[in-house]
Each structure stands twice: as C-alpha cells, then as structure tokens.
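Report on the following structure.
Residue numbers (this note's numbering): 35 to 260.
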C-alpha cells in the first residue's frame, strides 16, 4: 500500500521552505508497460516521489532535502560553478514550472544526478520516468525526447560498465536499451539489444520473466504487456 503524506521541506541550496510530499511506495500490482513501468491499482506514487524547490529548482526525494542534502558549495566536476550556482543559473528559470509538473521535475533531477556524479544509470532512470510523466500528460513528442535521453545514458552505463554491480543489472539495462530503441523506431538496434539481454541472462533463472518479455517484444512488440 502506498502512503503519501504532506511534508514541509527546506531547500539545502537556497533555504526556501515549501510544501512537499513524503512517499512510501508499496508494491505495485497493476499492468506492466514494456519499458517496465508497473502501474499501481491505487494512487500512483511516481509523480510525487520527487519534490522540487519552487525558488531554485533543486529536485529530489525527501532524503535529498534532509539527511542526504548536498552542501551548496559542492564542487561539480568539469564545471566552474558550485552546485548552488549551477542550479541557480540553469534550473531556476523553470523552478516554478518544475514544482508543479512532475515530468519537468524528473528532467531537472536527471540533470542534477549528473552534476552530483551519480552515474548515467541514475540519470537514465530519471529521464525514463520523465517520459512516463509526459505520457500521462499526453505529450508524446516530449516523451520521445526523454526516452532518447534515457537511451543515451543507459548505453553509456553499459559502455562504462563500472556502474553495473551485478549481471542482473546488465540484463535489465540491455533490455531497456532494446525497448527504448524500438519505441524510437530503431528496430534493428532493438533486436540486437533484446538478444544481448537474453544472452547475458544465461544461468539466471530468476530473470526468466524478463527473458520471456524480451523474446515476446522481438516477435510481437506492444507497449502494454500485462
């Protein structure tokens, strides 16, 4: 069961206080999309899992505003500005919009994950969730743009490998690369990555459901699988 509670939050970068949400997501048991979004039978926690400061645009889960809040002066690799300065210059112009729009919250969060050095897979996850939120808002072109970003970051994660701690992660990410390629009209690449996901799953019996999904998407693709 998902529990959503109101919570006052304090932005660690600009000190703004604002009304946010704390989300304790239960196990979803509704339909599954082919890009692995499990729909809940009750309230969907995904739109409210991220909070966004209406003043500067800093975005994250509740913990990003509390126990895991970054220091404003944090230096960002390959950037001349501190984290707070980057957020103020690049995210604050859309801060009010992101505070109200879950898709933009996830887009802003994807950018932040890069600045915080958390790796391309975390960025890919945020871009994919942004695409889901654009789907919900009937913005198909924006959803495609975000899926393209997710695909790029997942590919980089596979190329660099150091972000993949287990073989199971490789199987899932390879499948997502295949599925996102398919949704973007890159059918040959999609088939190659479905096959790669299946190959990497060899000996992992607990991954059989995903293997069967990859095989089915290669033969008879659809966006909602069950």
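Glycine residues also receive a C-beta, built at the ideal position from the N, C-alpha and C atoms.
Note that this is a predicted model, so its numbers are computed, not measured.
- By the neighbour-count definition (other C-beta atoms within 10 Å, threshold 16), residue 107 is an exposed residue.
- Rounded to the nearest whole angstrom, the CA to CA distance from residue 102 to residue 212 is 33 Å.
- A check of alpha carbon separations from residue 113 across 140, 155, 222, 151 identifies 151 as the nearest.
- In this model, residue 214 and residue 208 are separated by some 10 Å (Cα to Cα).
- In the DSSP assignment, residue 156 falls within the unbroken alpha helix (DSSP H) covering 154–170.
- Judged by DSSP secondary structure, residue 84 falls outside any beta strand (DSSP E); it is assigned neither H nor E.
- Closest in C-alpha terms to residue 47, from the list 70, 98, 128, 75, comes 98.
- Where residue 54 is concerned, the enclosing beta strand (DSSP E) starts and stops at 51–58.
- With a contact defined as Cβ atoms closer than 8 Å, residue 181 and residue 162 qualify at about 7 Å.
- Assignment of residue 176 by DSSP, reduced to helix, strand and coil, places it in the helix class.
- One thing to note: residue 132 has its Cβ no nearer than 7 Å to the Cβ of residue 122.
- Where residue 143 is concerned, the enclosing alpha helix (DSSP H) starts and stops at 136–149.
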